[in-house]
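The block underneath contains the structure these notes are about, expressed in structure tokens.
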Amino acid sequence: MITIFLPKRKIYCAVFLFSALLLISGILIITLGKQEKVALATVYQGSDKEKKISLTFNVVWGEEFIPPIIECLKEYNVTATFFLGGQWADDFPQLAGQIAAGNEVGNHGYAHLHQERLSKEDNITEIKKAETSIFKATGIKTNLFAPPYGEQGEIIKKSAVEAGYTTIFWSIDTIDWQRPDPSVIVSRVLDKAQNGAIVLMHPTAPTVQALPQIIKELKRQGYDLVKVSVLLQGLKEEGGSETGSQNSEYRIREKE
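Here the sequence shown is numbered in our numbering, starting from 2 and rising by one per residue.
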């Protein structure tokens with residue numbers, strides 16, 4: 002048997018290099034894992050294999066239009082997803098409860114701030130504060146988050162993940178906060194309708210006028226109008242990513 006003796010310095014160098022490689026590998030695995038977690042918790046649309054569409058409403062104003070929207074959804078037997086501002090839920094708990102009685106409720110932050118400008122800690126505080134207010138008004142613990150102004154910065158997505166939320170964006174933006182003619186809102190939805198679409202709306206007068214036609218035409222085309230959580234379930238059953246195709250048109254809306 003041949004015995005090989007290596008200088009202690011070489012042994013120490015080899016051990017150091019091996020340890021460094023292990024450390025770097027671990028950091029990369031953790032980082033990639035976190036990046037994947039963020040991606041899997043960010044959704045722009047559902048599965049393109051199912052003829053389903055979600056109607057969503059971001060609510061921090063326009064409370065006078067909530068009752069007719071609810072009535073329209075009831076009339077056509079449609080369930081939508083409403084993302085409520087926490088401060089709005091504090092101010093209008095009865096309306097928040099009426100929304101939750103027949104629809105899905107999500108989180109739209111507390112004070113409708115530009116959350117890209119906040120630290121991660123302040124982002125989480127905004128989300129959790131809204132969660133508390135919405136729960137107080139509706140009895141529902143939210144787990145879907147629509148960022149104010151449609152801001153899509155990584156700090157927002159990562160904060161939502163840490164707060165236990167899936168971040169929801171859209172594939173069809175009605176831009177109804179600009180109060181266009183109802184026919185414009187209808188066209189913006191129908192022209193881009195496709196399997197898995199998430200439609201972004203707000204409580205406005207033209208939205209109330211456009212909603213019946215949107216629902217009737219989508220149903221005529223064979224679409225099932227479902228909650229966002231139903232779209233997510235379809236994605237999970239496929240075993241694929243929960244990240245849909247981003248439609249960056251009209252991405253940031255200063256007056257939402």
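Yeah, the Cβ is synthetic: ideal placement off N, Cα and C, and Gly gets one too.
Span separating the alpha-carbon of Gln179 from that of Ser134: 28 Å
message: Give me the residue from His109, Thr82 and Asn78 with the minimum Cα distance to Ala90.
response: His109
message: For a minimum of 3 consecutive residues, which ranges assigned as the beta strand (DSSP E) are wholly contained in the stretch 143 to 205?
response: 167 to 169 and 199 to 202
task: Note down, one range per segment and in chain order, each alpha helix (DSSP H) of at least 4 residues found wholly within the stretch 65 to 118.
output: 67 to 76, 87 to 92 and 94 to 103
- prompt: What span of residues does the beta strand (DSSP E) with Lys53 cover, start to end?
  reply: Lys53 to Val60
message: I'd like to know if the stretch 212 to 225 and the stretch 76 to 86 are in contact, where contact means that at least 3 CB-CB pairs between them fall below 8 Å.
response: yes
Delimiting residues of the alpha helix (DSSP H) encompassing Ile125: Lys121 to Thr139
query: Just to confirm, are Val209 and Thr57 a CB contact at a threshold of 8 Å?
result: no
- prompt: Quick one: what does DSSP say Val227 is sitting in, helix, strand or coil?
  reply: coil
query: Identify the residues that DSSP records as bridge partners of Met44: which are they?
result: The displayed chain sequence assigns Val, not Met, to residue 44. Partner(s): Ile169.
- request: Can you tell me the Cβ-Cβ gap for Gly165 and Asn196, rounded? I've got them flagged as a contact below 8 Å.
  value: Rounded, the Cβ-Cβ distance is 28 Å, inconsistent with contact.
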